[in-house]
Structures are given as structure tokens and as C-alpha cells.
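Q: I'd like to ask some things about the structure below.
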Amino acid sequence: FFEDRKNAHEIQRAVDAAKHIDPKDPRLDYYTAVGLILRRNELPTAERLLRSYVANVPQRSDYPSHRAAEQWLSRIGR
């Protein structure tokens, strides 16, 4: 929801809350990276998180797609 609205602050709030529920959820890295990209902050960290997500998290219909991660990666260079 917040990703579609490109709301970096709310994405980070949601990630912080989710960390208390399941700190090992692999989607947290994806959403953390999206928030960093939207803020144009710590882009090398965002790139590392997304590349790790694509390499290590299996495709699942209830997770962000690898294609979405690759689209966010393409925004880092812009």
C-alpha cells in the first residue's frame, strides 16, 4: 500500500512494526530498500538488500516479486 503511494516514511514505520512480529521475514529487507530508494538515502545499502532479496528469497505470490525488486534497482542509477 505505502509502496504504491511512494511514502517512504510510512514504509519505514511499517517495517519497524513488522520487525517486532517477525524480525526474520525476508520481505523486511525489500521494503527497507524501497524506503531508502524513495528517500534517495543509503543507496548502496538499498542495492545490497534488493540484490540479496532476489538471490535468496524464492518467488512467492504473497511476497514482492523479483521483477519489482529489479525495477526498484533500476531506479538507483537515476
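Per my numbering, the very first residue in the sequence shown carries number 92; after that it's consecutive.
Built from N, CA and C at the ideal position, the CB exists for glycine as well.
Taking Glu-133 as part of the alpha helix (DSSP H), name the residues at either end of that continuous run.
A: From DSSP, Glu-133 is part of no alpha helix (DSSP H); its letter is neither H nor E.
Q: Pick from Val-145, Arg-118, Arg-131: whose alpha carbon is nearest that of Asp-153?
A: That would be Arg-118, whose Cα lies nearest to the Cα of Asp-153.
Q: Considering only residues of the same chain and omitting the five flanking positions on each side of Ser-156, which have a CB-CB separation below 8 angstroms?
A: Correct list, in chain order: Gln-150.
Q: Nearest to Asp-116 by alpha carbon, out of Tyr-144, Ala-137, His-100?
A: Ranking Tyr-144, Ala-137, His-100 by Cα distance to Asp-116 puts Tyr-144 first.
Q: Tell me which residue opens and which closes the alpha helix (DSSP H) that Val-106 is part of.
A: That run of the alpha helix (DSSP H) goes 99 to 112.
Q: When the Cα atoms are used, what is the spatial distance from Ile-167 to Ala-105?
A: Using only the alpha carbons, I get a separation of about 22 angstroms.
Q: Can you round the beta-carbon distance between Ala-124 and Trp-163 to whole angstroms, since I take them to be within the 8 angstroms contact cut?
A: Right, the Cβ-Cβ distance comes to about 7 angstroms (below 8 angstroms), so this counts as a contact.
Q: How far does the alpha helix (DSSP H) with Arg-158 in it reach, from first residue to last?
A: First-last of the alpha helix (DSSP H) with Arg-158: 157 to 167.
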